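To keep things clear, I will list the structure first and then write my remarks on it.
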Amino acid sequence: MERPRDLWPPAGLVAGWAGLLTSYAAAMLMTIRESPVVAIAELVIRLTPGPVAERAIRFLGTFDKPFLVLVILLLVSWLFWGTGRLARTRWWAPVLVYSLLAALAATAVLLQRSAGSIDLVPVAVGYVTWVVCLSLLTEPLRRAERLTAAAAEVDGTDPVAQGADRATRRTFLLRAGLIAGVGVVLGVAGRVLGSGRRHVEETRRLLKLDGVTEPTLPTGARLPVEGISSWMTPNDDFYLIHTAIVVPTIEPVDWSLRIHGMVDREVVVTYQDLLDRETTEAWITLNCVSNPVGGTLIGNAWWSGVRVADLLERAGVQDGADCVLQTSEDGWNCSTPLAALTDGRDAMLAVAMNGKPLPIDHGFPVRTIVPGLYGYVSGTKWVVDYEVTRFEDVDAYWTQRGWGEMGPVKMSSRVDVPASGAEVAAGEVRFGGVAWSQHTGISAVEFSVDGGPWLPAELGRVPSDDTWVQWTGTAEVEPGDHLVRVRATDADGLVQTAVERDVLPDGATGLDARDFTASA
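For what it's worth, the numbering used here labels the leading residue of the sequence shown as 54, then goes sequentially.
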């Protein structure tokens, strides 16, 4: 049977989680994107060194941010448990712990982009909930301990044995259940009633974008090889890499882009302004700098939007500027070479992906697309600010963490068929995959089996140098275990290097290889 002193740690845990749930509900009901826990998680992400972040992405993939939130919740749960234990002997200890946690949460919230005092309301709600709920839960425990001490002084009897323990536990469990139930209800209600994503998603679904066309696959781009990557990557299959724990949800009517800095005139562009301008559409392959050799953090889509160069011309870029500092609604930023935005390539403010308004997770309502550059220096989702400036005057999110400044995509190639570890029939074996060198183009692909001669591959026909290309070829293979490698040559005659380098600081190099077994 639990004695009153054994209920102090659970009291701290229940009070702590009640505070988390009410703060979350307050953030959702006020349509504040970052609840305190999310703000702390995003602060951790911003402070994480580049190599550590890269390892997390590599090992955890898209689960890196949920894993971080889970770790934070486990840590604070342990802290809440200990706080309840401390409350038994030191009344001031929980107040100190809660104050420190609230200060950390407030700091994280205020460091978010465009945060104001109103964003601290959820922190205050959580703090008050902690103090009040812990007091309610520990009051019967304190009373029981006072009774125990008084009885021991009088005649040495133990009220716990006489039934006082049952009344104490009953009162505690009743209050704990009520607090937990109210907390859960408030959390769910906040999620249901306050989340803006559902409405934004409905707005997105109903949008009609004049000038945006449905994608039509170019003739000859797709090779008839089973198992090869689709030349057009469907929206649902397109890779997702960003630092936001909770992605911004922005109504198109509320979106605007400010262009300022080293310009002749500041320009503010609204969503309707973009729709009223001439639409640019192009097939463009995007590639994450964290993509290892042979990796899947790459995709090809039909993008629709407005050329960035036209908007910069409207603002009037001043001499001496060499980059644009892009900033997202969630505060993430990157510095993009000005030349890549103005040299005639299809650098655009995209409003559509594969003929549909951008998915929310891919930047709705507007994101930046720049062919030939890795996303960490160009592909700003939920973009809201362009500052024309100089590289020497800015520190962008990833570059200040040790990544390269310019971020040009490196030529690479991948084997898709046979898959690694696959078993195929001996004899004439079909190989295939994809190769890319955005904004330069691929002129040839070769493959080699078991270190033998490099054999030429057939290439699909692509509409521009800004997309990847499918390749295929056949070779005679004897029964047994084998290894196939692939390499590409770009339009300038440069052969893909076999030197293996990690993704840090500016993209991986090396040749992709797949092992397979041929059976008789």
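Note that the Cβ used here is the ideal one computed from N, Cα and C, for glycine as well.
Remember, predicted model here, so these are calculated numbers, not experimental data.
Asked	Found
CA-to-CA distance, P102 to A472, given in whole angstroms	34 Å
Buried or exposed (CB count within 10 angstroms, at least 16 for buried), R318	exposed
Local Cβ density within 10 Å of G504, reported as buried at 16 or more and exposed below that	exposed
8 Å Cβ shell around E279 - same chain, five flanking residues per side excluded	V470
Exposure of Q371, with buried meaning 16 or more beta-carbon neighbours within 10 Å	exposed
Assigned exposure category for F112 - 16 Cβ within 10 Å defines buried	exposed
Whole-angstrom C-beta distance between R250 and T302, which should lie under 8 Å	4 Å
Environment of R219 [buried if 16+ CB atoms lie within 10 Å]	exposed
Proximity of Q165 and A233 at Cβ, strictly below 8 Å	no
As assigned by DSSP and simplified to three states, the class of A214	Reliability fails at A214, whose pLDDT of 48 lies under 50, so the model's placement of it is uncertain and no value is given.
Uninterrupted beta strand (DSSP E) stretches inside the stretch 408-494 (no shorter than 3 residues)	420-422, 436-442, 465-470, 475-478 and 480-489
Cβ pair count under 8 Å reaching 3, the stretch 505-517 against the stretch 258-266	no
Residues that DSSP places opposite A94 in a beta bridge	None; A94 has no bridge partner.
Bounding residues of the beta strand (DSSP E) (the contiguous stretch that carries A106)	No beta strand (DSSP E) holds A106; the alpha helix (DSSP H) holding it covers G103 to L113.
For A177 and W451, the rounded distance between their alpha carbons	32 Å
E445 to A374 span [Cα, whole Å]	10 Å
Own chain residues within Cβ distance below 6 Å of A159, not counting five before or after	L173 and V176
Spatial distance of F225 from G240 (CA atoms)	22 Å
Alpha carbon of V306 to alpha carbon of Q325, nearest angstrom	8 Å
Given S76 as reference, the closest of L154, V150 and W61 once Cα atoms are compared	L154
Opening and closing residue of the beta strand (DSSP E) in which E529 lies	V522 to V530
C186 (DSSP reduced to helix, strand or coil)	helix
Check whether G314 and R467 have beta carbons under 8 Å apart	no
Start-to-end residues for the beta strand (DSSP E) that takes in E334	T333 to N340
Distance between P516 and I337 (C-alpha atoms, nearest Å)	10 Å
Exposed unless 16 or more other CB atoms sit within 10 angstroms - verdict on F417	buried
Among L426, Y427 and L411, the one whose alpha carbon lies nearest that of R420	L411
Three CB pairs or more closer than 8 Å across the stretch 515-534 and the stretch 550-563	no
Cβ-Cβ separation, S130 to L187 (assumed contact under 8 Å), whole Å	Wrong, their Cβ atoms sit about 15 Å apart, outside the cutoff.
Reduced DSSP category for N353 - H, G, I as helix; E, B as strand; rest coil	strand
Three-state secondary structure assigned by DSSP to R219	helix
Inter-residue CB distance, T395 and C376 (contact presumed, cutoff 8 Å)	That pair is no contact at about 11 Å.
Burial state of A71 (16 or more Cβ within 10 Å)	buried
Rounded straight-line distance, which links the Cα of A335 to that of K463	20 Å
Alpha-carbon spacing of T380 relative to S431, whole angstroms	10 Å
Nearest-angstrom Cα separation, counted from H415 out to L350	14 Å
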